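Residue numbers in the sequence shown follow this note's numbering, run continuously in steps of one, and reach 787 at the last position. No residue lacks a Cβ here, since even glycine has one placed at the ideal position from N, Cα and C. Source: prediction; values computed, not measured. Reading through the structure tokens given below for one structure.
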Amino acid sequence: MTFASRMSCVSVSPTLKVSAEADRLRRAGVDVVDLGAGEPDFGTPKHVKDAAHAALNANFTKYTPAAGVVEFRDAVAHDYSSRYRVSIKADQVIISAGAKQALYNAAMVLFDRRDEVITHGPFWPTIVDQIKLADATPVVVQTHREDGFAIKAGAMIDAFTPKTKAIIVNSPCNPTGALIAEADMIAIADAAAARGIWVIADMTYEHLIYDPVPHNLVKILLDRMPDRTVICSSASKSYAMTGWRCGWAIGPKALIAQCNVLQGHSTSNINSITQKAGIAALTGPQDEVTVMLDDYRRRRDAVHGWLTADPRIVCVKPSGAFYLFPYVADLLSPTGIKTTSELAEAMLKEVAVAITPGEGFDAPGFFRLSYATSIERLREGVDRMFAFIAALEKSGKIPTPANR
Ligand SMILES: Cc1ncc(COP(=O)(O)O)c(C=O)c1O
């Protein structure tokens, strides 16, 4: 079968691949500890579900405007205006099916063949694949574990060429958990503004920042380049609403109007009931967001401690999101398990623990572990992982710390 050529440059998301295999095993009756999933284990807050029930009971089940009901666009505008001390209006907001569609709309509306789009790696693969789907060329600036995966303005600006159309910054970052420092965001924004380059900020994990560090990317960007800033985010991670498909983009009116045209011809409005739930999430009590954040922090600290007790597992403590991204090259060898893909495959097969190999994030030698699961399951997963490592060590497939 022949498919459109654009399909040859993208592949199945590796995160989805792992969860599909874990799911297959689970359905076959295996007790899988899933540390691969990129979604909260918490339930959606009750008041949000109540709003959805009320919408359903009131027959709020028809088409809405493609960009979402004004009440929701207003709620997003108000939420960002007050949290980030900026002034955003409803006509600068479009409601989309998750941050994923918000980012996709922006890519399709902005990027052309021959455009270059700069982002940082290790990256969430969809960012790069969406650039390719829009026919543009991704330019990846690598960040490094040695300095906590810092996203450095200098390196990003050095990658500018006359073809640079946009920069995509993901902070907090999936998979590294790094935050871009405000000073770096300022330097990037100033340089981008001077050259007419767009900045797209993927802020999907914006509520999952563990320490009170200044991180007002919205204000930095809107103060400096209101005409070339796009903010994409969603209710998915902040409010434990991944399945509802509830996200948004904030940008200049003209760009949002173009996203509206595109969305109007593709998916149209997101689910009407989800929109009512989204309004309740943004305008209702926020205490559950804090409860979840506190729990993620406890899990992060615990699992980080357990893993790094083995000197072969080197791991930056993440500042945000809910992933650990350990470097495990010392567990690999040319005669045993050679890559983190093989490691993940073997671990799932042997001890039924699902992790995501670094190759999918353009980061061989690393794997991603999601701690969006209960502390008991995390403990069980790490115990199984260490049992697996010990067994491989015994059989000579993994170098022992002593003979490295
Ligand atoms: C960095 C990043 N951006 C965007 C998304 C998309 O999330 P959603 O479409 O559920 O809002 C994800 C999901 O995992 C993500 O990790």
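Pick out every residue whose C-beta is nearer than 6 Å to a heavy atom of ligand 1: which are they, in chain order? Residue list for ligand 1: 421, 481, 482, 483, 507, 553, 557, 585, 587, 617, 619, 625, 630 (CB closer than 6 Å to any heavy atom, chain order).
Check whether the Cβ atoms of residue 393 and residue 516 sit closer than 9 Å, and answer yes or no. Result yes, Cβ atoms of residue 393 and residue 516 sit closer than 9 Å.
Should residue 643 be labelled buried (16 or more other beta-carbon atoms within 10 Å of its own) or exposed? Flag for residue 643 reads buried.
Starting from the Cα of residue 416, find the closest Cα among 656, 754, 773 and give me that residue. Relative to the Cα of residue 416, the nearest Cα in the group 656, 754, 773 belongs to 754.
Compute the Euclidean distance between the alpha carbons of residue 676 and residue 422, then round it to the nearest angstrom. Distance between the alpha carbons of residue 676 and residue 422 is about 13 Å.
DSSP state of residue 654, grouped into three classes? Coil at residue 654, not helix or strand.
Pick helix, strand or coil for residue 786, following the three-state DSSP scheme. Residue placement at residue 786 cannot be trusted, given a pLDDT of 49 that sits under 50; the coordinates are not used to answer.
Residue ranges of each beta strand (DSSP E) within the stretch 442–485, 3 or longer: As far as the stretch 442–485 is concerned, its whole beta strand (DSSP E) runs of at least 3 residues are 476–479.
Does the pairing of the stretch 715–730 with the stretch 696–705 give three or more beta-carbon distances under 8 Å? With a cut-off of 8 Å, the stretch 696–705 and the stretch 715–730 do not count as touching, because too few Cβ pairs lie within range.
How far does the beta strand (DSSP E) with residue 615 in it extend, from its first residue to its last? Element bounds for residue 615: 612–617.
Minimum C-alpha distance to residue 489 - residue among 461, 664, 638: Comparing alpha carbon positions, the residue from 461, 664, 638 closest to residue 489 is 638.
Under a three-way DSSP split, which group does residue 649 fall into? Reduced to three states, the DSSP call for residue 649 is coil.
When we look at the beta-carbon of residue 761 and count the other beta-carbons within 10 Å, is it buried (16 or more) or exposed? The residue in question, residue 761, is buried, as its Cβ has 16 or more Cβ neighbours within 10 Å.
Tell me whether the stretch 551–561 and the stretch 496–509 touch, counting them as touching only if at least three CB pairs, one residue from each stretch, are closer than 8 Å. Yes, the stretch 551–561 touches the stretch 496–509.
Since residue 646 and residue 449 should fall inside the 8 Å C-beta cutoff, what is the C-beta to C-beta distance between them, to a whole number of angstroms? In this structure, residue 646 and residue 449 form a Cβ contact; the two beta carbons are roughly 5 Å apart against a cut-off of 8 Å.
If I follow the unbroken alpha helix (DSSP H) through residue 764, where does it start and stop? Per DSSP, residue 764 belongs to the alpha helix (DSSP H) from 758–777.
Environment of residue 484 [buried if 16+ CB atoms lie within 10 Å]: With at least 16 other beta carbons inside 10 angstroms of its own, residue 484 counts as buried.
Roughly how many angstroms separate the alpha carbons of residue 779 and residue 714, rounded to a whole number? Roughly 11 Å between the two C-alpha positions.
Excluding the 5 residues preceding and the 5 following residue 473 in the sequence, name in chain order all residues of the same chain whose CB lies nearer than 7 Å to its CB. Same-chain partners within the cutoff: 453, 456, 457, 460.
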